[in-house]
Structure formats: structure tokens, C-alpha cells
Amino acid sequence: MLACRTSVVRLSSRRKLAPWVDDSSRWRRHSSTSMCLEYSKNGDPEKVVVMKETTLPAPTGNQVLMKMLAAPVNPADINTIQGVYAVQPPLPSIPGNEGVGEVVAVGDECGGVLQPGDWVIPRVNAMGTWRTHIVAPHTDLIKVPSNADMVTAATIAVNPGTAYRMLKDFVPLTSGDTVIQNGANSAVGQAVIQIAAAFGINTINVVRNRSNIDELKDYLTRLGATVVVTEEELRKSKSVKALPPPRLALNCVSGRSGTEILRQLVHGGVMVTYGGMSRQPVIGPVGSLIFSDVTLRGFWMTRWNKEHFNDSQRQQMVDDLFQLAQSGKAEASRQHTCSFCQLHCCSEECHAKRRYVGEEADTSVLVSVRYSLIC
């Protein structure tokens with residue numbers, strides 16, 4: 001599984017309905033059409049994903065109709081299309097695990113839970129957010145603040161959610177503790193930095209060396225990173241040695257990089273692996289396992305969401321993340337706007353701009369021709 005680096009498809013205007021939608025009463029009376037991206041076989045996303053027009057029924061019972069405002073393109077989405085992700089949906093399938101939508105119309109059994117104008121994000125995995133409109137039961141959606149930043153709302157569930165859970169669920173961290181992570185400039189890594197800083201937790205952030213390393217270090221430091229070092233600098237860094245030894249290591253690279261952050265853990269520390277961008281196995285030094293009694297764990301946000309589909313922990317996480325964002329303590333990872341004039345946006349220009357905060361994993365970006373892309 002690749003660590004997530006996110007691009008965001010802006011699917012419709014924040015204030016204005018798509019051109020083929022007149023008003024919510026029309027949707028309650030009649031079915032209508034929606035544009036979506038769909039694939040019928042696994043393969044290269046540029047070749048297998050096509051744009052289609054589909055017919056949507058009017059929402060009835062506990063259903064709501066929402067127009068999608070923005071939806072991210074995560075590496076897991078691309079891996080799913082390619083057929084290499086751990087979980088594969090039945091085909092044909094509409095990609096997209098997360099995004100933010102605005103409720104347009106509701107069925108007569110929604111009981112005031114949701115109403116037109118509310119903003120919602122998916123509660124279920126693989127909802128298929130790469131489309132302009134969705135009809136779904138209100139129980140499959142989570143209401144979020146409608147005054148939130150659109151990109152933040154669209155991308156808050158997967159990457160910030162992963163960061164939040166790993167900081168909360170494996171080691172009881174308190175202010176002054178230290179966490180070490182590799183892939184620190186990934187979307188999850190940036191979320192870890194900001195959430196940890198809000199909790200008063202130190203972060204040692206390991207990144208690959210590159211031509212603009214000083215610029216990257218400055219950027220992550222502005223986000224709240226305590227120390228930023230390259231893989232080569234880690235063992236000799238005086239700034240790293242000046243901090244309390246980390247109790248938690250977060251690994252999205254594996255291979256040698258995972259081994260190096262594992263070596264830094266305090267006795268009884270825990271390393272959580274949530275990705276393997278190097279495509280190398282996790283290697284645990286015998287000394288760390290025997291003499292330092294470290295523990296190796298894994299984390300998958302999809303599984304956590306299924307196990308906590310409708311419980312208080314899920315809602316508390318969403319509330320906390322939006323509170324951090326709205327208080328200015330956390331922001332979405334860097335984005336830029338690409339042209340939405342072609343089905344796929346995989347140009348060298350887009351790739352070069354995304355590369356600043358990206359990791360090894362290349363991401364194709366698939367978008368609809370009707371709107372603009374923030375990537």
C-alpha cells in the first residue's frame with residue numbers, strides 16, 4: 001500500500017448547482033443525470049477510465065441527493081484502478097473514497113437529520129466520489145461544517161484521519177513526548193506534524209534528500225515540525241539526539257528507511273507501518289526486538305472505518321479534525337490548480353508541481369472535463 005499523496009478534483013461550484021440541476025424540488029419529482037468516471041477493467045488509469053453519463057433516481061425514504069463539491073485522487077484510488085490494491089470492488093466501478101458534497105434534496109424519511117445546503121462526507125468506504133452527484137442513504141454520510149474550507153473538507157477523512165488515529169491508538173502520548181516518522185512530506189506526514197504540534201508532541205521528520213531540501217525543511221518546520229532531517233542525517237543529527245527518544249515511529253516507506261526509524265525508538269516503543277513506498281519489506285533489527293523490546297504494528301484506515309462505522313470515536317475524530325482546521329492549527333497539504341480540459345491530468349507540469357510535497361510513488365490524476373482540478 002502506498003502512503004497517500006493527494007490531488008483534489010473540484011467537481012462543482014460552491015454556490016451554484018451544476019447546469020443540469022434546476023432546484024431540489026425537481027430532483028424530488030424526477031430522476032436525472034450525473035456525470036461520472038468509471039472503469040470496467042483494471043489497468044492503466046489513462047486507458048481504462050472513461051467519463052459516462054448516468055441516470056440517478058430521485059431520493060426517496062432515507063436517501064439524500066448530494067452534488068459533489070470536491071473529491072481527492074489518492075494513490076489508493078489509482079492502485080485500485082490498476083488492480084493492485086488489497087481490496088477490489090466489483091466491476092464496473094466508480095473510483096473515489098472520499099470527498100465533500102452538498103445536499104440538494106432529501107427523501108421523506110430523513111427526519112431532519114440532513115437538509116438541502118448541508119455539507120457531508122462519506123461514512124462508507126469506496127462510495128465512488130468521482131462523479132457530480134450521488135444518491136445515498138443519510139446513514140452513509142457524516143454532516144460537516146458547511147463553512148469549512150472545501151479542500152480541507154474533501155481531504156479530511158483519509159490522510160488526516162490516518163494521522164490522527166496513529167497518534168491516538170498505539171501509544172499513550174502526552175505533551176513533550178516524541179514521535180519519529182519517515183515520508184514526512186506526504187499528506188499523512190504533514191497531518192502528523194500539525195496534529196502532533198497541536199498536542200504538544202515533538203516530531204522527528206525524515207525525508208529523502210533532494211535538490212530543494214532546504215525549502216522542504218523550511219516548509220515542514222512552518223507546519224510545526226520539531227526536527228526535519230534526511231535519511232543520511234538521521235543517525236548523526238544533534239537536534240535529534242537533543243530530544244527525548246521517540247516512543248512511536250510511523251513508517252510509510254519500509255525497507256532501510258523503516259529500519260532506521262525503528263532503531264531510534266525508546267525501550268518498549270512501537271513502530272506502526274501504514275505503507276511501503278519503497279516496495280521493500282519491514283526489517284526489524286534483532287537488537288531492537290530483543291534488547292529494546294520494540295513492537296511492530298500495522299494500520300489500515302479502511303479497516304478502522306469498518307470497525308467504527310457509526311460509533312462515538314468516529315464522530316469525535318471528525319469533530320477534532322475540523323476544530324483543528326478551523327482554529328488554524330492544521331491545513332490541507334499543498335495543492336495547485338490544473339486545467340480540467342481533458343479526462344486525465346498526468347502532464348509533466350502537474351507532476352513537477354506536485355512533486356514538492358510528494359514521495360516516491362507517482363500518481364496519475366483523473367478528472368472530469370467539466371471542472372477544474374486542485375492537485
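Here the sequence shown is numbered in full-length UniProt numbering, starting from 1 and rising by one per residue. Beta carbons: idealized from backbone N, C-alpha and C, even for Gly.
Residue i: buried (16+ other C-beta within 10 angstroms of its C-beta) or exposed?
i, result
"residue 385", "Residue 385 cannot be examined here, being either before or after the span of the chain that is shown, 1 to 375."
"Q194", "buried"
"F309", "exposed"
"residue 380", "In the structure as shown, the chain starts at 1 and stops at 375, and residue 380 therefore has no counterpart that could be examined."
"residue 404", "Here the chain has residues from 1 to 375 only, and residue 404 is not among them."
"T60", "exposed"
"G224", "buried"
"S327", "exposed"
"G258", "buried"
"T226", "buried"
"L91", "exposed"
"P57", "exposed"
"K41", "exposed"
"N147", "exposed"
Between the Cα of residue i and the Cα atoms of the options, which residue gives the shortest distance?
i, options, result
"N209", "I81, K67, N185 and G189", "N185"
"A105", "I121, I134, R123 and P90", "I134"
"P245", "T178, G200 and T152", "T178"
"V294", "V100, R263 and A148", "R263"
"L248", "H267, E102, E98 and E307", "H267"
"N212", "V240, G224 and T230", "T230"
"N182", "A198, V207 and N202", "V207"
"G112", "T139, S333 and T174", "T139"
"L321", "V286, V144, G176 and S175", "V144"
"K67", "M35, S93, Q88 and V49", "M35"
"C110", "D149, N62, M150 and P57", "N62"
"L141", "I180, W119 and D149", "W119"
"T174", "V158, G96, A330 and F199", "F199"
"R222", "E331, K168 and S254", "E331"
"Q315", "N205, A196 and P122", "P122"
Taking only the alpha-carbon atoms, compute the straight-line gap between residue i and residue j and give it to the nearest angstrom.
i, j, result
"D44", "I81", "7 Å"
"V192", "N251", "12 Å"
"I261", "D319", "31 Å"
"S339", "G284", "A caution first: S339 carries a pLDDT of 35, below 50, which makes its placement in the model too unreliable to give a value."
"P75", "S237", "32 Å"
"P137", "Y164", "27 Å"
"A71", "Q280", "30 Å"
"G242", "I201", "Per the sequence shown, the amino acid found at residue 242 is Ala instead of Gly. Distance between the alpha carbons of A242 and I201: 14 Å."
"G189", "D108", "43 Å"
"A153", "V100", "6 Å"
"T132", "I78", "19 Å"
"H336", "M150", "Reliability fails at H336, whose pLDDT of 47 lies under 50, so the model's placement of it is uncertain and the value that follows must be treated cautiously. Cα to Cα, H336 sits roughly 14 Å from M150."
"G287", "R256", "16 Å"
Can you give me the Cβ contacts of residue i inside the same chain, cut-off strictly under 6 Å, excluding the 5 residues immediately before and after it?
i, result
"F299", "M166, V272 and Y274"
"V64", "V103, V106, L114 and H138"
"T302", "N125"
"P89", "A126"
"V171", "R247, L248 and V270"
Output needed for residue i: all residues of its chain with C-beta closer than 8 Å, excluding positions within five of it in sequence on either side, in chain order.
i, result
"S292", "L265, V266, H267, G268 and G269"
For the stretch 298-335, which segments carrying the alpha helix (DSSP H) assignment without a break, of at least 4 residues, lie completely within its bounds, in sequence order? 301-307 and 312-326
Contiguous alpha helix (DSSP H) assignments of at least 4 residues, all confined to the stretch 150-234: Whole alpha helix (DSSP H) segments, 4+ residues: 150-154, 159-169, 187-198 and 213-223.
In chain order, each alpha helix (DSSP H) run of at least 4 residues that lies wholly inside the stretch 228-302: 238-241, 255-263 and 286-290
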